[in-house]
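Visitor: Sharing a structure here in structure tokens format.
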Amino acid sequence: MIRHLHPTDSPGLLQFSQSAGRGETCTLVGALHGGPGGFPTVKYAGIALSPRAWQSCWVEARRGRIDALLRAGPRSGPQAWEVGELYLRKSKADLTLDLLEQIAIPAGGAGAHRIFVRIPVSGRAHSSANSLQMNNNVYDDARKAGFSTIFRETVYRCESAHSAIKKLGIPDHSLQLRPRIESDDLALFRMYNATTPIETRMKSGQTPQDWAAGVERLGRKASDWIFELPDGSVGAQMQRSTTRSGHTFSLNWSTEGGTELPGLIAAALAECKDVPVSTAVPEYRPALAHLLVTLGFEEKEQYKVMVKPLAQTVSETQRAFAAIS
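So for the sequence shown, the working numbering puts the first residue at 1029; every next one is plus one.
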């Protein structure tokens, strides 16, 4: 039975790190920065000592020995949770199914309508037959736990942002973008409905509240931009984030905004230092994938994004009076 990570688990984390495998899942930000890696002992030692942080971490421990660690919590709102990180002791790979089933309990109790998970499936990031088999096992266990695939996505990476900009051949600031504001939400939801396959929308949530809760951001410091069409409607949304080690961006666009795709990429790379740049492309956006390849981006990893619907609790039974004939 899983329980929260506690400060008293700090010594056990060091022992766990020596026998833990690579991570089995990751968030969008994690995927763009190389995907799941080895167990970060120092990071979780700090989390164990933080009263607020350890509430998003659970462990499977027996007789004081940690066999698995899972981190999960809301994406952008309480209705949508995500399994951000999952680490297993190498000899305990069979715990995946149990962990994914158990985490649904606290998620549902916190008001979540669904819980997401992102699983690497191609094995490119850690190319070995063993890692690919492990990915397949996690995917199979996720399906048994009630998760289903929403879409596949591919992470593309270019080692030089300036090289990609040069190949575009578009002057800087060819498109005028403005910061996203709260009143854009309804237009963005409509654009999402118009450009996302119905199968994906049915599983991800079809109300504005569910959509907003499930949106993935590129980190706390990411900037969010809107491209407006001449008639004032939203033509595209762009997120971008820059760190010392690289630059990441994400794009979504309307049918009309798609004619400006090269300019949108130029805007995503504008004022970027000559660092590696990465983005993730869902399978239903082939035009972006093709354009990125022509700019020197290479496919690095593929993921399956999955979701599990959760039962919603009824707040209170309402009394009703029925007429007696």
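For every residue, glycine included, the Cβ atom is placed at its ideal position computed from N, Cα and C.
Excluding the 5 residues flanking Gly1242 on each side, which residues of the same chain have their C-beta closer than 8 Å to its C-beta?
Guide: So the qualifying residues of the chain are Arg1103, Ser1104, Gly1105, Gln1107, Ala1108, Arg1142, Phe1144, Ser1232, Gly1233.
Visitor: What's the C-alpha gap between Thr1124 and Ala1170?
Guide: So the two alpha carbons sit approximately 8 Å from each other.
Visitor: Ala1317 and Thr1182: beta carbons closer than 8 Å?
Guide: Yes, Cβ-Cβ distance for Ala1317 and Thr1182 is below 8 Å.
Visitor: Would you mind stating whether Leu1246 and Gln1267 have Cβ atoms separated by less than 8 Å?
Guide: Against a cut-off of 8 Å, the Cβ pair of Gln1267 and Leu1246 comes out as a contact.
Visitor: Determine the closest residue to Arg1208 out of Asn1164, Trp1253, Pro1304, Thr1270, with distance taken between C-alpha atoms.
Guide: Of Asn1164, Trp1253, Pro1304, Thr1270, the residue nearest in Cα terms is Trp1253.
Visitor: Hey, quick one: how far does the beta strand (DSSP E) through Arg1050 stretch, first residue to last?
Guide: Here Arg1050 belongs to no beta strand (DSSP E), and DSSP marks it neither H nor E.
Visitor: Hey, out of Thr1053, Met1219, Gly1274, whose CA is closest to Val1335's CA?
Guide: For Val1335, the nearest C-alpha among the options comes from Thr1053.
Visitor: Given that a residue counts as buried once 16 or more other Cβ atoms are within 10 Å of its Cβ, and exposed if not, what is Thr1345?
Guide: At Thr1345 the pLDDT is 46, less than 50, meaning the model places this residue with poor confidence; the figure from the coordinates comes in the next sentence. Exposed is the call here.
Visitor: Enumerate in chain order the residues of its own chain whose CB-to-CB distance from Phe1277 is below 6 Å, with the five nearest sequence positions on each side excluded.
Guide: Within the same chain, Phe1277 has close Cβ partners Arg1268, Ala1296, Thr1307.
Visitor: Strictly by DSSP, which residues pair up with Ser1306?
Guide: BP columns for Ser1306 point to Arg1185, Thr1276.
Visitor: What is the rounded straight-line gap between the Cα of Ala1264 and the Cα of Val1309?
Guide: Cα-Cα distance, rounded: 15 Å.
Visitor: Please give me, in chain order, every unbroken run of the alpha helix (DSSP H) with length at least 4 that falls completely inside the stretch 1059 to 1109.
Guide: Runs found: 1069 to 1076.
Visitor: Three-state secondary structure (DSSP) at Val1149?
Guide: Correct three-state label for Val1149: coil.
Visitor: Ends of the beta strand (DSSP E) at Arg1313?
Guide: Premise fails: Arg1313 is in no beta strand (DSSP E) and is neither H nor E.
Visitor: Run through DSSP, which three-state label would Gln1330 get?
Guide: The answer is strand: DSSP assigns Gln1330 an E or B state.
Visitor: Between the stretch 1079 to 1090 and the stretch 1321 to 1335, do three or more beta carbon pairs fall short of 8 Å?
Guide: Taking 8 Å as the limit for Cβ pairs, the verdict is that the stretch 1321 to 1335 does not touch the stretch 1079 to 1090.
Visitor: Would you tell me roughly how many angstroms separate the C-alpha atoms of Asp1356 and Glu1256, rounded to the nearest one?
Guide: Examination of residue 1356 is not possible in this model, given that the chain is present from 1029 through 1353 alone.
Visitor: Going by C-alpha distance, which of Glu1311, Gly1066, Ala1048, Arg1099 is nearest Thr1224?
Guide: Closest option to Thr1224, Cα to Cα, is Glu1311.
Visitor: Have a look at Met1029, Asn1164, Ala1081, Gln1204 and flag the residue whose alpha-carbon is nearest the alpha-carbon of Gly1285.
Guide: When only C-alpha atoms are compared, the closest one is Gln1204.
Visitor: Along the beta strand (DSSP E) that carries Gln1265, what are the first and last residues, could you check?
Guide: Start and end: 1262 to 1270.
Visitor: Look up Leu1205 in the DSSP assignment and give the residues it is bridged to.
Guide: BP columns for Leu1205 point to Phe1255.
Visitor: Taking the alpha carbon of Ala1250 as the point to measure from, which residue in Leu1056, Cys1186, His1034, Gly1040 has its own alpha carbon closest?
Guide: Residue Leu1056 is the option with its Cα nearest to Ala1250.
Visitor: What separation, rounded to the nearest whole angstrom, lies between the Cα atoms of Met1219 and Asn1280?
Guide: When rounded, the distance between both Cα atoms is 9 Å.
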